[in-house]
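Everything in the sequence shown is counted per the UniProt record's numbering, starting at 1 for the first residue and increasing by one. Built from N, CA and C at the ideal position, the CB exists for glycine as well. This report concerns only the one structure given below.
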Amino acid sequence: MTRDLARLFRPKTIAVIGGGAWCRLVIEQCQKMGFEGTIWPVHPKAQEVAGLPAFKDVGSLPDAPDAAFIGVNRFITIEVVRALSAGGAGGAVCFASGFLEAAAEDAEGADLQVQLLEAAGEMPFLGPNCYGFINYLDGALLWPDQHGGQRADKGVALVTQSSNIAINLTMQKRGLPLAYVVTAGNQAQSGIAAIGEALLADDRVTALGLHIEGFGDLRAFEALAARARELGKPVIALKVGKSAEAQAATVSHTASLAGGDAGAGALLSRLGIPRLDDLPSFLETLKLLHTAGRLPSNRIATISCSGGEASLAADTGHARKVEFPPLNERQKEDLRDALGPMVALANPLDYHTYIWRDTEAMTQAFSAMMDPQLAMTMLIVDFPRDDRCDASDWECTIQAAIGSRERTGANVGLVATLPELLPEDVAARLMEAGVVPFCGLSEAIAACEAASLPLPEAPAPLLLPTPVVEPDLVPEAEAKWQLASYGLRTPRSKRAASATNARAVAVDVGFPVVLKGEGVAHKTEAGAVVLNLNSGQEVSDAAFNMPAGRFLVEEMVTGAVAELLIGVVKDPAHGFVMTLAAGGTLTELLEDSASFLLPASDAEIEAALQSLRIAKLLDGYRGAPAADREAILRAIRAVETYVMENALGLEEIEINPLLCTPTDAVAADALMRRKY
């Protein structure tokens, strides 16, 4: 069910239920922010709360409130929610904890959450176990604590699963205008994606930032991405959970390569939501998106009065997907006119200090650097600390940055290499003039990278994860047979019931052959695979030395120019993750892999293949023949089709190696784990 959150987030009447310090703070924060609506305290005994007359209970209110902050214990919270829902309230914030998020410590928590959902019915609510929200646009705060923000006419919206992180984000001194800050708590009813979609509907919201611990409803995130695309508003995310402690590997290389985080990254990439790795870069990206929107390319330039800063900019960008294009003839000519013959012209540019304090000359030089080939031009300026130094000599840089923006209409940023060396009042001036005030050079370049990522085509609906099962290891021959029926090319093979039988079977298959012991997951490590056997005696000797009682005899495929791994694991949180990687013995050695979710587009598959370090081998390295790309794509699609049509009960598949020859792509080994 999709609930309308507009009335909750943009209330004209607010009920504050409870009488402790938290509830008084909600009222005080609304008053401090100039909320123009009506606030109704509710308390069974008090005559007034925070100077406002109190009502005995929800039923005594003059009307159904648009929004209610519920600051009572978890048991009373359920009864209050029931009364609000029955009375037609617009929505509520459930501050109390002790529901499903506490189920591990309190068995009663899960049952109480069920009761809370039943009590709410169709009325939306946030939480439980959350701080609520701040609407800086209208001054409406269902927020029981201090915050560092101020009223805004427009700005970015933030949604977090952590109330403490939300508080910290409001305290930023970076000049970023905030429209909304919303905490989701344990998301019993209203999830991050649904909240984000509701906030994007406000015309005054320019961009959306999500702090995500877990995704939950995948269809809701697909809907959020579709709505953001429709509105032309960018969404970015800070997703936690990269650490090894958050991942669970199974028996395959694929699971080890993908881990728990690959699915999250693949989901965000699929939805066109850039992922940031830290809070400072997250905020700087939102600042850029608020001011300039998505960047048309990743081509950037920096200009500074120091060779050290120019070198630092180049090195910082080296690890990012950004480009510093060479200066064109127009730029060189105009820069020479502005700077004279003493400055070596390049990008990044060190313009020295010859024109320092000459605002017009600086404006001319900055404008000359700007060009249609660039998505962003950044002026590197670190201001002196204002408690011990005089920053008046830096006024010329502010005016020149603003002047060059006005003169050219280009995307312009002013960057302090150290975040603390860009004063908040300067950041506010620059933002007002349409210049992005970047706090930190690495953060600025990370923001340019994120804002320039191309928006992918609208994806097909995800193949949702099926229920987790205890799978069986499918015999390799059977796994290959099943996959071959969907178009996967496999070697000629026969099964042998004993070491003696293997010798006779090898004659039928035709030498040279490969001998494999059945029922072993990692055959190479276990000594359960021997290649290039050319006689019956070699086959029987190898079989007697293997840790297996049953065998698979296969044709020996030769002429491979590269070996690939194609794997799929079911990620219970994100769907079915396909991983392409360097195969064979190089899998662990190179750690060369790329992952995406199923079903995949041709563009996703091609991008994944090209991102691999072994892509050069596939393309033909140093005169060697290239692999048959069409055959590789057929193999990938065969595995995908099998998964799409047999997802129920499937846990993982791994083809390793896929032998890529100039004319074919053959699955030399197949691992499958599923429950029938």
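Check	Outcome
Which residues in the same chain have their Cβ closer than 7 Å to the Cβ of serine 404, if we skip the five residues on either side of it in sequence?	Thr363, Phe366, Ser367, Met370, Val412
Could you give the distance in angstroms between the alpha-carbon of alanine 246 and the alpha-carbon of alanine 600?	Its pLDDT being 36, under 50, alanine 246 is placed unreliably by the model, and nothing is read from it.
On a Cα-Cα basis, can you pick out the residue from Asp508, Arg634, Gly549, Gly575 that is closest to glycine 519?	Gly549
Can you grab the Cα-Cα spacing for the pair histidine 290 / valine 435, in whole Å?	11 Å
What number of angstroms, rounded off, separates the C-alpha of valine 426 from the C-alpha of histidine 147?	21 Å
Give the range of the beta strand (DSSP E) segment to which tyrosine 180 is assigned.	178 to 183
In whole angstroms, give me the CA-to-CA distance for leucine 648 and aspartate 592.	29 Å
Taking the alpha-carbon positions, what's the alanine 140 to valine 568 distance?	47 Å
Quick one: is proline 348 buried, meaning 16 or more other Cβ sit within 10 Å of its Cβ, or exposed?	buried
Under a three-way DSSP split, which group does histidine 318 fall into?	helix
With C-beta atoms as the reference, is leucine 462 less than 9 Å away from leucine 598?	yes
Excluding the 5 residues preceding and the 5 following phenylalanine 35 in the sequence, name in chain order all residues of the same chain whose CB lies nearer than 6 Å to its CB.	Gly139, Ala140
Among Val381, Leu374, Met342, which has the Cα closest to the Cα of serine 452?	Leu374
Taking DSSP as the reference, what is the three-state secondary structure of valine 72?	coil
Among the candidates Ala543, Glu525, Gly196, Arg489, whose CA atom is the shortest distance from the CA of valine 514?	Ala543
Have a look at alanine 64 and serine 85 and give me their C-alpha separation to the nearest angstrom.	9 Å
If valine 42 sits next to valine 58, beta carbons under 8 Å apart, how far is it from one beta carbon to the other, in whole angstroms?	6 Å
Could you check whether the stretch 468 to 488 touches the stretch 323 to 335, counting it as contact only if at least three pairs of C-beta atoms, one from each stretch, sit closer than 8 Å?	no
Here's a check: name, in chain order, each residue in its chain whose Cβ is nearer than 8 Å to the Cβ of glycine 536, leaving out the five neighbours to either side.	Arg503, Ala504, Ala506, Val507
Going by DSSP in three states, serine 252 sits in which element: helix, strand or coil?	Only weak support is given to the placement of serine 252: the predicted model assigns it a pLDDT of 48, under 50, and the value that follows is read from those uncertain coordinates. Serine 252 falls in the coil class under three-state DSSP.
Am I right that leucine 52 and isoleucine 70 are in contact with their C-beta atoms under 8 Å? What's the rounded C-beta distance?	Leucine 52 to isoleucine 70, Cβ: 17 Å. No contact.
How many Å lie between lysine 32 and threonine 170 at the Cα?	16 Å
Going by C-alpha to C-alpha distance, which of Asn135, Ile398, Ala152 sits closest to alanine 166?	Asn135
The beta strand (DSSP E) with serine 493 in it runs from where to where?	493 to 496
If we ignore side chains and look at the alpha-carbon of each, how far apart do leucine 267 and phenylalanine 95 end up?	31 Å
Buried or exposed: glycine 196, going by 16 or more other Cβ atoms within 10 Å of its Cβ?	buried
Cα separation between threonine 250 and glycine 308?	The pLDDT assigned to threonine 250 is 36, lower than 50, so where the model puts this residue is not dependable; a value taken from the coordinates is nonetheless given after this. Rounded to the nearest angstrom, the two C-alpha atoms are 48 Å apart.
Taking only three categories from DSSP, how would you classify arginine 299?	strand
State whether the stretch 485 to 497 contacts the stretch 659 to 672, with contact taken as three or more CB pairs (one from each stretch) at a distance under 8 Å.	yes
Would you check if the distance between the CB atom of valine 93 and the CB atom of phenylalanine 125 is smaller than 9 Å?	yes
For valine 49, count neighbouring C-beta atoms within 10 Å of its own C-beta (all shown protein chains included) and say buried if the count is 16 or more, exposed if not.	buried
Using the C-alpha atoms, what's the distance from valine 235 back to alanine 458?	15 Å
When you compare the stretch 68 to 82 with the stretch 110 to 129, are there three or more beta-carbon pairs, one atom per stretch, that lie closer than 8 Å?	yes
Nearest-angstrom Cα distance between glutamate 284 and glycine 37?	33 Å
Where DSSP assigns a beta bridge to tryptophan 40, which residues make up the other side?	Ala15
Is the beta carbon of tyrosine 351 less than 9 Å from the beta carbon of serine 304?	yes
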